[in-house]
Every structure is written in structure tokens, then in C-alpha cells.
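Please read the structure below before turning to the comments.
There are 2 protein chains.
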Amino acid sequence: MITHLEDINKAFESKVRLGIMSVLMVNDEADFNTLKELLGLTDGNLASHTRALENLKYIKAKKQFVGRKPKTTYSRTKEGEKAFQDHLQALEAFLKNNL
Amino acid sequence: MITHLEDINKAFESKVRLGIMSVLMVNDEADFNTLKELLGLTDGNLASHTRALENLKYIKAKKQFVGRKPKTTYSRTKEGEKAFQDHLQALEAFLKNNL
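These protein sequences, in sequence, are chains R and Y. Note that the working numbering has the first sequence beginning at 1, numbered continuously upward. Note that the working numbering has the second sequence beginning at 1, numbered continuously upward.
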């Protein structure tokens, strides 16, 4: 199989997005603070990447109030799951051919 | 920063190993059957990759008996954690420079 770098999904080039998607593949849901702690990020950094993945429809956010505190919980979409699996496949093939 | 493909850790080129390490970064421990289900693998396929990662000292296995059934639980090592983080860093840098 010939694999080109173009098959790799630019949406997942960042370590943070790889991390977010990995967590949401392993866990059906994760809230903002859990992602923040697991990935060791600041609020702003995490928020900008979750927003980008939401805009791509790869993850979706559910907003609730727990008492008076807002809580945002993320989950992968079907589309995101497929895109991420395709990306890992392309990445693996590319690395196997080029390392 | 100039990043070359050589900075990417060949141990993690496989999607399966990327999956095992991702699960063990998110969860401190995971047993064989949990990994198998999360990653959708056969026993043989998972075993060959956990063995490879154990040989590299990137993960460690704890074997117990639960009743009469053997149970193997895996966790990342400090070395594995560092190697995986370095790999993701190198991968991100490489992709940013080349996509």
C-alpha cells in the first residue's frame, strides 16, 4: 500500500487533539476538568482545541449546570470516530513505509 | 525547530501500540480483557504487542489469579510515559512541518 502524507488528517496533527480524541475513544464521555487534568492543559488551551474539534463535528459538547456551576461534557461523534481511526491507519501506514 | 522522522519512536508506529499506550496514559492500569475490548483485538494480536512493549520496559505486567482464572494487568512505566510523550512531541513537530 502506498500512503502519502496527505492521507494524514491535519485536524489531528496536534498532540492536544490526539490526546482529546484518545481519551474520548477510551471513555464514552469526559468532562472539561477531567480532560484538562488528564492532558495537563490550561483552560484556554483545551478550550481552543475542543472548539476546533466541535466545529469539525468530531466531538460534541453537552452543557449542564451542577448546582450553580456550569459543566461541559464531551463525547466523540460517529464521524469523529471514523476520522480518527482513518487518521491512525494512515499514520501507521506512513510511518511503516518511511521509518 | 527542525524535526526529522528519526525522532519518531519506531516502537509506537503501530496503531495497536499507540492504542495500548494511550489507554495506559489515561488509565493507570488496564487488564488484558479491557485492552482487548477497547482496542478491538484478538488475544494473539494484543499479546504480541504487549510483549514487545514489556520487552522495551515501556509497560509492565502484573499477573494474579482471580479464583482459578489468571488475570494480567498492565500499567505504563516511567520510561514508557517519557518515551510516549517524546514520540507524540516528535510526531506533532514532524507533521506540523510537513503537512
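Idealized CB from N, CA, C, for every residue including glycine. Note that the coordinates shown come from a computational prediction; the quantities given were computed from them, not determined experimentally.
*Taking DSSP as the reference, what is the three-state secondary structure of Ser75 (chain Y)?*
Here Ser75 (chain Y) sits in strand by DSSP.
*Rounded C-alpha distance that separates Leu41 (chain Y) from Leu35 (chain Y)*: Going by C-alpha positions, Leu41 (chain Y) is about 8 Å away from Leu35 (chain Y).
*For Asn33 (chain Y), count neighbouring Cβ atoms within 10 angstroms of its own Cβ and tell me buried if that reaches 16, exposed if not.*
It counts as exposed.
_Assumed close pair Asp31 (chain Y), Thr73 (chain Y) - CB separation to whole angstroms, cut-off 8 Å_ = Indeed they touch by this definition, with Cβ atoms about 5 Å apart.
_N-terminal and C-terminal residue of the beta strand (DSSP E) that Ile8 (chain R) is part of_ = Premise fails: Ile8 (chain R) is in no beta strand (DSSP E) and is neither H nor E.
*Taking only the alpha-carbon atoms, compute the straight-line gap between Asn9 (chain R) and Ala83 (chain R) and give it to the nearest angstrom.*
Roughly 8 Å between the two C-alpha positions.
*Spatial neighbours of Pro70 (chain R) within its chain, please: CB distance less than 8 Å, with the 5 preceding and 5 following residues excluded, ordered by chain position.*
Hits under 8 Å: Lys63, Gln64.
*What separation, rounded to the nearest whole angstrom, lies between the Cα atoms of Glu81 (chain Y) and Glu6 (chain R)?*
Cα to Cα, Glu81 (chain Y) sits roughly 29 Å from Glu6 (chain R).
*When we look at the beta-carbon of Ser22 (chain R) and count the other beta-carbons within 10 Å, is it buried (16 or more) or exposed?*
Buried, since its Cβ has 16 or more Cβ neighbours within 10 Å.
*Closest residue to Leu53 (chain Y) among Y:Phe94, Y:Ser14, Y:Leu95, Y:Asn98 (Cα-Cα distance)*: Nearest C-alpha to Leu53 (chain Y): Y:Ser14.
*Could you spell out where the beta strand (DSSP E) holding Phe65 (chain Y) opens and where it closes?*
Here the beta strand (DSSP E) through Phe65 (chain Y) covers 59-66.
*With a 10 Å radius around its C-beta and 16 neighbouring C-beta atoms as the bar for buried, classify Gly19 (chain Y) as buried or exposed.*
Buried, because 16 or more other Cβ atoms sit within 10 Å of the Cβ of Gly19 (chain Y).
*Distance CB(His58 (chain R))-CB(Ala11 (chain R)) smaller than 8 Å*: With the sequence shown as reference, residue 58 (chain R) is identified as Tyr, and His is not the correct amino acid for it. The answer is yes: Cβ separation under 8 Å.
*Limits of the alpha helix (DSSP H) - the one that Asn27 (chain R) falls within*: Careful: Asn27 (chain R) lies outside any alpha helix (DSSP H) and carries neither H nor E.
*Does any CB atom of chain Y fall closer than 8 Å to the CB of Val23 (chain R)?*
So, interface residue.
*In terms of residue numbering, what span does the alpha helix (DSSP H) encompassing Ser14 (chain R) cover?*
First-last for Ser14 (chain R): undefined, no H or E at that position.
*With burial defined as no fewer than 16 other Cβ atoms inside 10 Å of the residue's Cβ, what is the status of Arg17 (chain Y): buried or exposed?*
Result: buried.
*Straight-line gap, Ala47 (chain R) to Leu88 (chain R) (C-alpha atoms, nearest Å)*: In a straight line, the C-alpha of Ala47 (chain R) is about 23 Å away from that of Leu88 (chain R).
*Could you list the residues in the region 70-82 of chain Y with a C-beta less than 9 Å from some C-beta on chain R, going in chain order?*
Of all residues in the region 70-82 of chain Y, none is placed with a Cβ closer than 9 Å to any Cβ belonging to chain R.
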